[in-house]
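K.L.:
Counting from 0, one number per residue, gives the positions in the sequence shown under numbering that gives the first Met the number 0. The following block contains the structure, expressed as C-alpha cells.
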Amino acid sequence: MIISLIAAIGKNNVIGIDGDLPWHLPDDMKFFSRTTKGHHVLMGRKNFESIPKKYRPLPGRPNIVVTRNPSFEAPEVDVFTSIKDGIALARDRGEEELFIIGGGEIYKQTIDLADRLYITHVEARIDGHAYFPDFDPSEWNKEVLQDHPKDDVHNFPFRICLYTK
Ligand SMILES: NC(=O)c1ccc[n+]([C@@H]2O[C@H](COP(=O)([O-])OP(=O)(O)OC[C@H]3O[C@@H](n4cnc5c(N)ncnc54)[C@H](OP(=O)(O)O)[C@@H]3O)[C@@H](O)[C@H]2O)c1
C-alpha cells in the first residue's frame with residue numbers, strides 16, 4: 000500500500016491557524032477532493048473537528064480518525080487510538096493508496112512512512128499554530144502538477160507538486 004501525505008503549506012511550512020486553514024483556495028480544495036476520493040483518508044482528531052459538520056465525514060472516502068481518547072466517537076468514522084492501527088485498517092481492507100490528511104501532529108509522526116507527498120506550496124508566510132514538518136526536497140523526485148495564480152477567489156498563488164521516493 001502506498002502511503003501518501005497531502006497538504007497545503009506556506010513558505011514557512013504553516014498549515015493551520017486557530018484550528019482553521021490560513022487561506023481560502025477553492026481550486027486546491029478541488030484538487031484535494033479529486034485526489035483523495037475513493038481512498039481511505041487518515042486524520043488527527045483536531046483536523047477532523049476542524050472540518051465543518053456538514054462536510055464530515057469527508058464523503059466518498061472511508062474516514063479514519065486517530066485520538067488518544069478511547070471514548071471518542073463519531074458517526075460513520077473508524078476511530079483508533081494509534082496511527083499504526085489506523086494504517087493497518089486501510090491495508091487490511093486492500094487500500095492501494097492511503098492518504099494522510101493531517102494536521103500537523105499527524106504529518107510529523109508519519110512523514111517518515113510516506114512514499115509520496117502531494118504538496119500545495121502556497122506563496123504565503125503567515126504565523127500559525129500548526130506546521131508541516133521540514134523535509135529535504137533533494138531526497139525526493141519532484142513533479143509540478145499545477146501552477147495557479149492569485150485571483151478574485153484565491154487569496155494567494157500556489158503550485159501543486161508531487162514528490163515521490
Ligand atoms: N493546510 C493543510 O493542508 C492542512 C491539513 C490538515 C489540517 N490542517 C490544519 O491543521 C490544524 C490541526 O492540526 P494539529 O496539529 O493542531 O492537530 P491534528 O494533527 O489534526 O490532531 C492532533 C490530535 O490527534 C490525536 N493524535 C495525535 N497523535 C496521536 C497518536 N500518536 N495516536 C493517537 N492519536 C493521536 C490527538 O487527539 P486527542 O487530543 O483527541 O487525543 C491530538 O490532539 C488545523 O488548523 C487544520 O485546519 C491544515
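For glycine and all other residues, C-beta sits at the position ideal for the given N, C-alpha and C. Bear in mind the structure is a predicted one, so any value in this text is a computation, not a measurement.
For Ile14 versus Ile5, is the C-beta distance shorter than 9 Å?
P.N.:
As a first step, residue 14 must be located in the sequence shown, where it is residue number 15. As a first step, residue 5 must be located in the sequence shown, where it is residue number 6. Taking 9 Å as the Cβ cut-off, Ile14 and Ile5 do not qualify as a contacting pair.
K.L.:
Quick check on Thr80: buried or exposed, where buried means 16 or more other Cβ atoms within 10 Å of its Cβ?
P.N.:
Here residue 80 refers to the residue found at position 81 of the sequence shown. It is exposed - the Cβ of Thr80 has fewer than 16 other Cβ atoms within 10 Å.
K.L.:
Please return the same chain residues whose Cβ sits closer than 7 Å to the Cβ of Lys149, not counting the five positions on each side in sequence.
P.N.:
One-based indexing of the sequence shown puts residue 149 at position 150. Once the five neighbours on either side are set aside, the close Cβ partners of Lys149 are Phe155 and Pro156.
K.L.:
If we cut at 9 Å on Cβ distances, does Arg55 have a partner in chain D?
P.N.:
Absence of chain D from the displayed structure is noted, only one protein chain being present.
K.L.:
Report the rounded CA-to-CA distance for Glu47 versus Ile105, giving the unit in angstroms.
P.N.:
Reading the sequence shown from its first residue, position 48 is the one you call residue 47. Reading the sequence shown from its first residue, position 106 is the one you call residue 105. Residue identity differs from the one stated: residue 47 is Phe in this sequence, not Glu. The alpha-carbon atoms of Phe47 and Ile105 are separated by roughly 12 Å.
K.L.:
Apart from the five residues on each side of it in sequence, which residues of its chain come closer than 7 Å, Cβ to Cβ, to Tyr130?
P.N.:
The residue given as residue 130 occupies position 131 in the sequence shown. Correct list, in chain order: Asn12, Val13, Ile14 and Gly103.
K.L.:
Indicate the three-state DSSP secondary structure (helix, strand or coil) for Thr35 in the structure shown.
P.N.:
For the purposes of this step, residue 35 is taken as residue 36 along the sequence shown, with counting starting at 1. Three-state result, Thr35: helix.
K.L.:
By how many angstroms is the C-alpha of Arg60 removed from the C-alpha of Val40?
P.N.:
By 1-based counting over the sequence shown, the position of residue 40 is 41. By 1-based counting over the sequence shown, the position of residue 60 is 61. Approximately 7 Å, taken between the alpha carbons.
K.L.:
Just checking Phe157 against ligand 1 - is the residue's beta carbon closer than 8 Å to any of the ligand's heavy atoms?
P.N.:
Locating residue 157 in the sequence shown gives position 158, counting from the first residue. Phe157: no, Cβ never under 8 Å from ligand 1.
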